[in-house]
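One structure is given below, encoded as structure tokens.
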Amino acid sequence: MNIRQLLTLTHFCQDCTLHTAGFGVPGVWVIDGERTHTPPESPVDFLFLGEAPGATEQNEANLEPFCGAAGTILTQLIAEVGIRRYFLTNMVRH
Numbered sequence: 018m019n020i021r022q023l024l025t026l027t028h029f030c031q032d033c034t035l036h037t038a039g040f041g042v043p044g045v046w047v048i049d050g051e052r053t054h055t056p057p058e059s060p061v062d063f064l065f066l067g068e069a070p071g072a073t074e075q076n077e078a079n080l081e082p083f084c085g086a087a088g089t090i091l092t093q094l095i096a097e098v099g100i101r102r103y104f105l106t107n108m109v110r111h
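Numbering (my numbering), first residue to last: 18 to 111.
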């Protein structure tokens with residue numbers, strides 16, 4: 018299974034009641050500071066995996082992981098150590 022197949026399976030998953038509990042928060046790729054929901058052609062260097070999206074992530078208009086206060090700190094720390102290509106996501110989407 019490749020990353021695109023995995024994303025399709027998880028994006029449309031309705032195997033449990035979590036999909037009705039709020040908006041799903043998909044992962045986001047960050048390449049040189051730019052966020053995108055489209056996988057890049059070449060692999061990224063790091064994966065940052067959170068437990069589950071919080072209220073801020075599920076209520077934001079763009080529904081991105083790590084967009085709250087903790088995400089701001091994480092993004093600053095990642096930039097400080099020089100990581101430029103990574104994927105942010107959560108173990109569960111809801």
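All residues carry an ideal CB built from backbone N, CA and C; glycine is no exception. Values in this document were obtained by computation on a predicted structure and should not be read as measured data.
Quick check: what's the CA-CA separation for Met108 versus Gly85? 17 Å
Please state if the CB of Pro57 and the CB of Ile48 are separated by a distance shorter than 7 Å. yes
List the endpoints of the continuous beta strand (DSSP E) containing Ile100. That residue, Ile100, is in no beta strand (DSSP E); it is neither H nor E in DSSP.
Taking 8 Å as the limit between beta carbons, can you name the residues of its chain near Val42, skipping five residues before and five after? Pro70, Glu74, Gln75, Leu80, Glu81, Pro82, Asn107, Arg110 and His111
Quick check on Phe63: buried or exposed, where buried means 16 or more other Cβ atoms within 10 Å of its Cβ? Counting the other CB atoms within 10 Å of its CB gives Phe63 a total below 16, which places it among the exposed residues.
Beta-carbon contacts of Glu68 that lie in its chain and below 7 Å, excluding the five residues immediately before and after: Asn107 and Met108
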